[in-house]
Each structure stands twice: as C-alpha cells, then as structure tokens.
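Colleague: Structure provided below as structure tokens; questions to follow.
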Amino acid sequence: MSPQPGTLYVVATPMGNLRDMTPRAVDVLGEVDIVAAEDTRHSGRLLAHFGVRARLLSLHEHNEDERVDTLMNRLQAGEHIALISDAGTPLISDPGFRVVRAAHRAGIRVVPVPGASSPIAALSVSGLPTDRFCFEGFLPARAGPRRRVLEGLRQEPRTLVLLESSHRIEGALRDLVAVFGAERQGVIARELTKAFETVQSLPLGELLGWLQADDNQRRGEFVLVVEGAPDADVDQAEQDRVLGLLLAELPVKKAAAVASGILGVPRNALYQRALALRDH
1 MSPQPGTLYV VATPMGNLRD MTPRAVDVLG EVDIVAAEDT RHSGRLLAHF GVRARLLSLH
61 EHNEDERVDT LMNRLQAGEH IALISDAGTP LISDPGFRVV RAAHRAGIRV VPVPGASSPI
121 AALSVSGLPT DRFCFEGFLP ARAGPRRRVL EGLRQEPRTL VLLESSHRIE GALRDLVAVF
181 GAERQGVIAR ELTKAFETVQ SLPLGELLGW LQADDNQRRG EFVLVVEGAP DADVDQAEQD
241 RVLGLLLAEL PVKKAAAVAS GILGVPRNAL YQRALALRDH
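Numbered by the UniProt record's numbering, the letters in the sequence shown go through residues 1 to 280 in order.
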C-alpha cells in the first residue's frame, strides 16, 4: 500500500526584525522532516535562534531544477517539507516556483504559512493607491533593457511595485525619471524592518536628488513604489489641439509619439486620430 503523500509548506520568515516570525512558522519548521532553504547557513542561524532543530537542504536558483525530483520523491514517500527563502515570503522574486508547481501537478497538498513580505509592506506605507497594483520584481540590470521595460510600463494605471539593489538603485531612479517624468510620485522603502529603515515619498525627480545627496541612502535593499499613469481620459478637443500644433511641424508618427508623452494617452490611439486630422 502506498504511503499517504506529505505536505509542502511555504513558510514566510522575517525580513530583518526577528519578532516578525510567527508562532505558527516556528511550529511548522520544528515539525517538518526537511526545511528547503535558499542559504542553509543563514537559515541555520535563524532556526537556531528560535530553538528549531531541522534538517536543512539547499534550494536556490542554481540547483532548483535538480532538486525538484528529490523533493517530490520525499513528499510522495510521506515526508513533510517546508520551503523558506533568505527573508520574507518565498517565491516572491526568490526560488521555489518549480517545486510548488511540481507539487500541485503531483496532487500534493501545498500550504501557505504567511508572514513578512517586502513588496506588501512597502505598498502598505507608500501612501499610493493599493486597491490595484502591479508587482514587477527586479528591473533589468543594464540601462537599455531597463528603459525598454519601463517604456512598456509607462501607461500602466496601477501602482507599480519594484525591487532594486543598492548598486542599481540610482540608475533605476534615473531611468524612471527619464521615462515616467520627474513629477510622477514615487516612494523608496529601504531596509524594511531593519535598524536603518527608511520610507521616503517624493516626486521621482526630487526622490532621485534626495538619494544622490546622501550616500547612506544608497545602501541596503530597496522596494520602489511608483504611482500609476494618470487617467488617460483626456478631452478629445484637447487631444485635437495638441495634435494640430504638432502636425504643423512634425510627421504623423512623430506627432503622435510626442502627444502621447504630453497627454498620457496611448500612442496608437493618437496616431489614428492624427491621421484623421491630417486627412481632414
């Protein structure tokens, strides 16, 4: 007779302040057969702090593919496994997706043990709309690809939540100013729950200046929260006025692109309107 499959627990751990560890998380980590951890040395110290003795198995971006079968075999043999990351909620820009997907496909129960999450923590204190938001994780490291991604997000109406590292934060903010404009509201949430936690809300242009003025504010781990694009419901007469002025000096395609930047209206819609005005 086949054993009853085990359970895969996805367990959130503190981002910095150890008091954010939930009692339920401590209980689960102490009861499972294996804890799959991103960095076993880091997680070993965390578990020792809470008096948890657990068998640790490394699971990180470089070995996740080869670990999936091992973990699935153990779960199907009836073992219970907890999945944790170095900090916060697993799988949010961290390893674990392949394991969770494989568990679902194998009919294995997957249980969340919720807790700290830096994107949600930053969003909650940002002062920006939270009813609809878009989590984009880390932007590309290089300026060219990063700007292309931001161009694709420029008209996104939902609040944007981004992650960034200390050595890329200034470049990311500079590109946000260039693509979104200096007046779009932004928030830096730095080192959340840690000793030097900082939450600063300013228009993007001022936020970049604030960051550049203080070397200390360019250290640590960052969440960027950015206001969504303004309402694109611009009066048709205003669209026609702006397009008319631009069409007097520019080709249709260029006029539509410039008008899009001015009005916050999708370029394709303005291009069609510009063609109609030109041919009128």
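Glycine included, each C-beta is placed from N, C-alpha and C at the ideal position.
How is the alpha helix (DSSP H) around P145 delimited, first residue to last?
Modeller: Its alpha helix (DSSP H) spans residues 143–153.
Colleague: Sorted by chain position, which residues of the same chain lie with C-beta nearer than 8 Å to V111's C-beta, five sequence neighbours on each side aside?
Modeller: The residues are T7, L8, Y9, V10.
Colleague: Excluding the 5 residues preceding and the 5 following N17 in the sequence, name in chain order all residues of the same chain whose CB lies nearer than 6 Å to its CB.
Modeller: Closer than 6 Å at Cβ, skipping near neighbours: T193.
Colleague: Enumerate, from N- to C-terminal direction, the unbroken alpha helix (DSSP H) stretches of 4 or more residues contained entirely within the stretch 219–263.
Modeller: You should have 236–247, 252–263.
Colleague: Beta-carbon separation of L153 and E170 under 8 Å?
Modeller: For L153 and E170, no; Cβs fall outside 8 Å.
Colleague: Taking G220 as the reference, which of H167, V265, E227, P230 has the closest Cα?
Modeller: If we check each option's Cα against that of G220, H167 comes out closest.
Colleague: By the 10 Å Cβ neighbour count, where 16 or more other Cβ atoms means buried, how is R45 classified, buried or exposed?
Modeller: Flag for R45 reads exposed.
Colleague: Do L163 and V223 count as a contact pair if the criterion is CB distance below 8 Å?
Modeller: Yes, Cβ-Cβ distance for V223 and L163 is below 8 Å.
Colleague: Look at the Cβ atom of A87, then the Cβ atom of P14, and state whether they are nearer than 8 Å.
Modeller: Yes, the Cβ-Cβ distance between A87 and P14 is below 8 Å.
Colleague: Judging by CA-CA distance, which residue of E238, G107, C134, R109 is the nearest neighbour of I120?
Modeller: Nearest option by C-alpha distance: C134.
Colleague: May I have the straight-line CA-CA distance separating E191 from T198, to the nearest angstrom?
Modeller: If you take the alpha carbons of E191 and T198, they lie about 7 Å apart.
Colleague: Does L75 come within less than 8 Å of chain D when only Cβ atoms are used?
Modeller: No chain D appears in the structure shown, which is made up of a single protein chain.
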